[in-house]
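The structure appears right after this line, and notes come after that.
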Amino acid sequence: SDTTATELSVIESVFKLREAQPSSIVEEMRKSLIDSYA
């Protein structure tokens, strides 16, 4: 399956959230992403 577009969208969302949200929230999202891709 082609997940490239979805992955890019997720990465863009993470970058946007990193600019707008406290680092703790970004850390939680990053951990969730790492778990989902592991």
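FYI, the numbering for the sequence shown is 142 to 179, going by the working numbering. Using N, Cα and C, we set each Cβ at its ideal position, and we do this for glycine too.
Mind checking whether residue i and residue j have CB atoms under 8 Å apart?
{"i": "Val167", "j": "Leu158", "result": "yes"}
Given this structure, state the Cα-to-Cα distance separating residue i from residue j, to the nearest angstrom.
{"i": "Arg171", "j": "Val155", "result": "8 Å"}
{"i": "Glu160", "j": "Glu169", "result": "15 Å"}
{"i": "Leu149", "j": "Ser165", "result": "22 Å"}
{"i": "Thr180", "j": "Asp176", "result": "Nothing can be reported for residue 180, as the shown portion of the chain is limited to 142 through 179."}
{"i": "Thr147", "j": "Glu153", "result": "10 Å"}
Grab me the residues of residue i's own chain with a C-beta within less than 6 Å of its C-beta, minus the 5 sequence neighbours each way, in chain order.
{"i": "Val151", "result": "none"}
To which residues of the same chain is residue i closer than 7 Å at the C-beta, ignoring the five residues directly before and after it?
{"i": "Tyr178", "result": "none"}
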